[in-house]
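Here numbering that gives the first Met the number 0 is used: the first residue of the sequence shown is 0, the next is one more, and so on.
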Amino acid sequence: MKKNIIFVVCAVLISAFVLTGFSPKPEETATYSKDNPITLKIGASPVPHAEILKSVKDTLAEKGIILEIIEFTDYVQPNTALEDGSLDANFFQHFPYLDDFNKARLAEDKNWTELVPLVYTHFEPMAIYGGKTKTLAEIKEGAKIAVPNDATNEARALLLLQANGLIKITEGKGLEATAKDIVENPKKIQVVELEAAQVARSLADVDFAVINGNYALEAGLTTADVLAAESAESEAAQKYANLVAVRKGEEELPQFKALSEALTSESVRKMLEDTYKGSVAPVF
């Protein structure tokens, strides 16, 4: 009987310990060193995000953090893989896209784990590139212009077309604009909406394309190919800085603080400036 009582008391105490939240916090148990390293799995677009991460691998390895970089070529899987625990962080997006993604997923699934910014690193200006037509001065009536079809990037593309006098969108729409908000279109431009990763690949089939910086780099396009681009002083530059995302509640983990410090170092600033020559601009 005494043994049974002891067993029951122990079971109750263990349950109370777990249910009342007395288990160690993640940051209190996250210990690592060069001789006892931990691994961070980070999903990233190949260019420039994976390249930037590769540039800090040695620095983090000295601190006991091994970066395992998993490359993605779309804008959906990195977020779902982070939420389900397949990744520890991801690096490919800006906040408006992340915010829209969170809201959409929470509307579908109340158990969705919110993803939050860890650190902002750089801005990738969207730009107009020539396809069948090589200069904006040569644009013909009915020209086809490919743009990304996700809400935040499509609005940026349309604002850039407006800034270059090609269309006019409904006043006040700004970064919420869609093709339906075009109110003046003197050249009767056909806006071709495509998944962001496909826009650069469409250049041979359209007159022009408005391409995200990372996909332009992947396609081998350079600043010499740019016909017009977002200004580094624009609203977009402030709002669309690229970020590393993590699961909410994990922002203060020491390994993520170390990652933030590495990605905002002077060596990374120099790498961005020397490697991308304006196609990727540091924001730190």
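For every residue, glycine included, the Cβ atom is placed at its ideal position computed from N, Cα and C.
DSSP bridge partner residues for P116 (one or two, in chain order):
Here residue 116 corresponds to residue number 117 of the sequence shown, with the count starting at 1. Beta-bridge pairing links P116 to A244.
Option in L159, I51, E251 with minimal Cα separation from L226
As a working mapping, residue 226 is identified with position 227 in the sequence shown. Comparing alpha carbon positions, the residue from L159, I51, E251 closest to L226 is L159.
Quick one: what does DSSP say V222 is sitting in, helix, strand or coil?
The residue you call residue 222 lines up with position 223 of the sequence shown. Looking at the sequence provided, one finds Thr at residue 222 rather than Val. Helix at T222.
Looking at the ligand ADP, does it come within less than 6 Å of I144, judged from the CB to the closest heavy atom?
In the structure on display, the ligand ADP does not appear, and there are no ligands present to speak of.
Grab the span of the alpha helix (DSSP H) containing E153 for me, first residue to last.
Working through the sequence shown from its first residue, we reach residue 153 at position 154. Counting along the chain, the alpha helix (DSSP H) containing E153 begins and ends at 150 to 162.
Nearest-angstrom Cα distance between G157 and N163?
Taking the first residue of the sequence shown as 1, we reach residue 157 at position 158. Taking the first residue of the sequence shown as 1, we reach residue 163 at position 164. Before going on, a small fix: residue 157 reads as Leu here, not Gly. Rounded to whole angstroms, L157 to N163 spans 10 Å at the Cα level.
Report the three-state DSSP secondary structure of E192 (helix, strand or coil).
Sequence index remark: in the sequence shown, residue 192 carries index 193 (1-based). Of the three classes helix, strand and coil, the one that applies to E192 here is strand, per DSSP.
Just checking my contact of L174 with A154 at CB under 8 Å: how many whole Å lie between their CB atoms?
Looking up residue 174 in the sequence shown gives position 175. Looking up residue 154 in the sequence shown gives position 155. Yes, L174 and A154 are in contact; Cβ-Cβ is about 5 Å, under 8 Å.
Sequence-distant residues of the same chain with beta carbon closer than 6 Å to T120, five excluded per side
Residue numbering aside, residue 120 sits at position 121 when the sequence shown is read from its first letter. The residues are N241, L262.
Proximity to A49 [Cα-Cα], best of D87, Y74, F91, T38:
Counting from 1 along the sequence shown, the entry for residue 49 is found at position 50. Answer by Cα proximity: F91.
Opposing strand residues paired with F122 [DSSP bridges]:
In the sequence shown, residue 122 corresponds to position 123, counting from 1. Answer by DSSP bridge pairing, in chain order: A280.
So for A145, helix, strand or coil by DSSP?
Looking up residue 145 in the sequence shown gives position 146. Note: A145 maps to strand in three-state DSSP.
Going by DSSP, what residue range makes up the alpha helix (DSSP H) through I41?
As a working note, residue 41 is residue 42 in the sequence shown. Per DSSP, I41 belongs to no alpha helix (DSSP H); it is in the beta strand (DSSP E), 37 to 43.
Using DSSP's beta-bridge definition, name the partner residues of A289.
As displayed, the chain neither begins before 0 nor continues past 283, which places residue 289 out of reach and without an answer.
So if DSSP puts K167 in a beta bridge, which residue, or which two residues, is it bridged to?
For the purposes of this step, residue 167 is taken as the residue at position 168 of the sequence shown. DSSP output for K167 lists E183 as bridge partner(s).
If you reduce the DSSP assignment to three classes, tell me which class I64 lands in.
Position 65 of the sequence shown, counting from 1, holds the residue named residue 64. Reduced to three states, the DSSP call for I64 is strand.
Could you check which residue in S259, V75, S264, N35 has the C-alpha nearest to that of G42?
As a position in the sequence shown, residue 42 is number 43, starting the count at 1. The residue with the shortest Cα to Cα distance from G42 is V75.
For E183, which option in V191, E170, E194, A195 has the closest C-alpha, if you only look at C-alpha atoms?
Translated into positions along the sequence shown, residue 183 becomes position 184. Cα-wise, what sits closest to E183 is E170.
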